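Step one of this worksheet: look at the structure below.
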Amino acid sequence: MRKFQRLLTLVLVAALALAVIGGVSAQDDKKVLRTDIGPSDVPTLDPAIATDSSSIQILDMTYIGVTFTDEASQVQPGLATDWTVTANDDGTTTYVFNLIPEVPWVKYNPESGAVEQVMDESGAVRYVTAGDFVYGWKRTLDPATAGEYAYLLAGAVAGGEAANSGEGSLDDVGVRAIDDYTLEVIAPNNWSFNPARFGLWMARPQPQWVIDEFAEFWIEPANFVSFGPFALKEWPRGESITIIKNPFWPGTEYIPVPALDEVVFYVIDETVALARYEAGELDRTDTVAIAEIPRIQADPVLSQEFFQGNQTCTYYAGFSVGVPPLDNVHLRRALSYAIDRQDIVENVTQGGQRPAEFVTNTGMNAAPLQEDYPGVGIGYDPDKAQEELALALADLGLADASELPPITVLYNTSSAHQAIFEAIQAMWADELGVQVELTNQEFATYLDQRSTFPVWRAGWCSDYSDAHNFLFDVFHSSSDNNDTGWTSEAFDALVEQAAAATDLQARRDLYAQAEGLLVNEDAAIAPIYFYASNEMTKPYVERTYANDGKQRFENWDINN
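Heads up: the sequence shown is residues 0 to 559, going by numbering that gives the first Met the number 0.
Structure (C-alpha cells):
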C-alpha cells in the first residue's frame with residue numbers, strides 16, 4: 000500500500016508540546032472505546048478512492064466486501080455466506096457469491112440519536128444487493144473516478160484492466176447480479192488469492208442513489224450510508240471521527256455484532272496520544288513514539304499494557320537504475336551489502352523491527368522466509384561490499400571511491416527517516432568511502448520526485464495477504480508502483496508462474512527466486528527491515544491484534 004503514510008512514520012524523538020483535547024468517557028452503561036487515528040484527518044470515506052490506512056480502517060468497520068481478511072491474515076466470508084468456483088474452457092474462472100439477504104443500508108440520525116434503516120421512495124427498506132456490488136465495482140473501475148487503487152480490482156476481474164484504462168467498456172467487466180443476493184464474478188485466471196482481492200475496500204458495494212444525488216459530498220455525515228457492524232456517527236474534521244454500533248447488522252460467525260457501542264478515533268500525534276493514554280483519556284493507542292519504549296518497558300504498570308508484534312510492512316531503499324551512478328549494478332550491490340541492518344534496528348529504530356534481506360514481509364501467504372533460502376537475499380557483508388565496489392570502480396574507470404560523484408538520497412520529511420538515512424550515510428562513508436547527500440521533501444512531492452533521485456526511501460504495506468502483493472504488484476514491469484526503472488523478463492516470468500501455481504511450497508520457491516533477482520542479482524532495491532507494531536491497551540479492554548494493522552473492533556470489548 001503505497002500511501003500508508005501514518006504507518007510508515009516512525010517517531011524517534013517526542014518533541015511536540017501536549018495539546019489539551021477534551022476526552023470522551025463511557026457514560027451510563029455505554030461501552031465507548033477511545034483511541035487515536037494519527038496526526039492527520041481521515042482523508043475520505045469513499046471506497047473507490049481511499050488510499051490510506053485511516054480511511055480504510057473506518058471503511059472496514061462500515062462497509063463489508065464479499066470476503067474480508069481476519070486478524071491472522073486469513074480470508075473469511077464477509078457479506079457472502081459461501082461461494083462456488085468454476086474453471087472455464089477459456090482460462091477464466093467464474094466465482095458465484097451467495098450474499099446474506101436483507102442486510103439494510105443504515106444511517107445515523109443525530110436527532111433521534113440512533114442508527115436507522117434507510118428507506119426508498121416507496122417507504123421500503125433498502126437492502127444491500129448484488130446490484131450494489133456491480134455498481135460499486137464499475138464505479139471503482141471507471142477511469143473518471145480516478146481511483147488510485149483501482150488497479151488491484153482491475154487485475155482481478157475479466158475486462159477490468161481494459162475498462163480502467165479507458166480502452167474497454169465497463170459493460171464488458173466480468174461482474175453481474177444473477178439476482179438480488181447472488182453475485183457472479185469472472186476472473187481472468189484462477190489465482191488462489193482472488194477471493195482476498197474481491198474483498199478489498201475498493202470492491203465494496205456503493206450506494207448509487209446517494210452518490211447520484213450528492214456527488215463527492217456523499218461521504219459527509221449528513222449523507223453517508225453504510226451497512227457494516229458500525230455506522231458513522233460524527234466526523235468533526237481534523238478533530239475526531241466516531242463510529243457507532245449498527246443494531247441492524249445481522250452478525251455472522253466471522254463478523255459478530257459488536258460488543259462496543261462506539262469507537263472514537265482522535266486526530267492527534269503520538270506525543271499527545273501517549274500523554275492522554277497515561278492520563279486515562281484514551282483506552283488504546285498504536286502510535287507509541289520509539290523514544291518512549293525504554294521508559295514504558297521499565298515501568299511495572301505500563302510494561303504490562305505494552306504490546307509489540309509484527310506488522311506486514313517492509314522498509315527499503317529504492318535505487319533508480321537509470322540514474323548515474325546507480326545505473327551500475329555493482330555499485331548498487333556494494334551499497335546494499337554495506338548497510339548494517341541489525342545495527343539500524345538495534346540502535347536507530349529500536350522498536351522491535353527485524354532486519355530484512357527480502358522485501359516480502361514474513362506475514363504474507365507464500366512468503367519465502369530468508370532463513371529458508373540462505374544467500375538468496377542480501378544482508379550486511381563488508382567484504383562483499385568491497386568486492387562489488389572494486390568491480391563498480393573498474394566499470395566506471397575510476398581509481399577509488401573518492402572519484403565518485405556524491406550520491407543524493409531522498410526521503411520524505413520525518414525525523415525517523417532522517418535518523419535512519421544518516422546512519423546509512425555513515426555506513427556508506429565508513430565501509431565504502433562514498434559521499435552521500437541527504438535531502439527531504441513533503442510526502443506528496445517526494446512520491447512525485449523520488450524516481451529522479453539515485454536513492455530514495457520506500458516502504459510497502461500489504462493490501463492483501465499474499466507475496467504477490469509485494470512482488471508482482473510493486474515490481475512487475477507493468478506496475479505503476481515500480482519507481483526503480485528496473486524491469487526484468489525473468490522476474491516477470493517468475494512472479495507470474497508463482498501467481499498461477501497451486502502448490503504452496505512451489506509458490507515460495509518461485510518467489511524466492513524472484514527475490515534473488517530483485518534484491519541481489521540486479522539489486523534494484525535494498526531491503527532494510529520488517530516493521531513492528533507498538534501499542535498500548537488498558538487492561539479492561541478485551542481485544543484482538545491484526546497483522547495488517549487494520550483492527551477488527553467488532554471483536555473488542557470493554558469490561559467496565
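C-beta: ideal position from N, C-alpha, C; glycine also.
All values derive from a computational prediction rather than experimental measurement.
Contained beta strand (DSSP E) runs [length at least 3] in the region 126 to 177, N- to C-terminal order: none
Completely contained beta strand (DSSP E) runs for the region 474 to 500, where each covers 3 or more residues: none
Between which two residues does the beta strand (DSSP E) carrying N533 extend? 524 to 536
Would the beta-carbon of D282 fall within 7 angstroms of that of K537? yes
Assigned exposure category for R236 - 16 Cβ within 10 Å defines buried: exposed
Identity of the residue in S414, S413, D394, E421 nearest T407 by Cα: E421
Given T43 as reference, the closest of E147, D178, G158 once Cα atoms are compared: E147
What are the boundary residues of the beta strand (DSSP E) that includes N411? 406 to 411
One or two residues paired with A86 in a DSSP bridge: T92
Touching or not, the region 38 to 52 and the region 244 to 252, by the rule of three or more beta carbon pairs under 8 angstroms? no
Can you grab the Cα-Cα spacing for the pair S335 / F197, in whole Å? 37 angstroms
For the candidate residues A143, T139, A176, I177, whose alpha-carbon lies nearest to that of G159? T139
Contact with chain C by R283, beta-carbon distance below 7 angstroms: In the structure shown, chain C cannot be found, because there is only a single protein chain.
Pick out whichever of A113, D491, N468 has its Cα sitting closest to the Cα of S477. D491
Do the region 311 to 331 and the region 450 to 460 meet, that is, are 3 or more Cβ pairs less than 8 angstroms apart? yes
By a C-beta neighbour count over all protein chains shown, 10 Å radius and 16 as the cutoff for buried, is N546 buried or exposed? buried
If you draw a straight line from the C-alpha of P194 to the C-alpha of T144, how long is it? 24 angstroms
Could you check where the alpha helix (DSSP H) with T270 kicks off and where it finishes? 269 to 277
Taking its Cβ as the centre, do 16 or more other Cβ atoms sit within 10 Å of G350, making it buried, or is it exposed? buried
For a test of the three-state rule: what should DSSP assign to Y265, helix, strand or coil? strand
In chain order, what residues of the same chain have a beta carbon less than 7 angstroms from the beta carbon of E115, not counting five sequence neighbours either side? V105, K106, N108
CB-CB under 7 angstroms to E520, same chain, minus the five flanking residues each way: which ones, in chain order? none
Mapping DSSP to helix, strand and coil, what is W200? helix
Beta-carbon spacing of Y463, P367 below 7 angstroms: no
A457 lies in the beta strand (DSSP E); which residues open and close that run? 454 to 460
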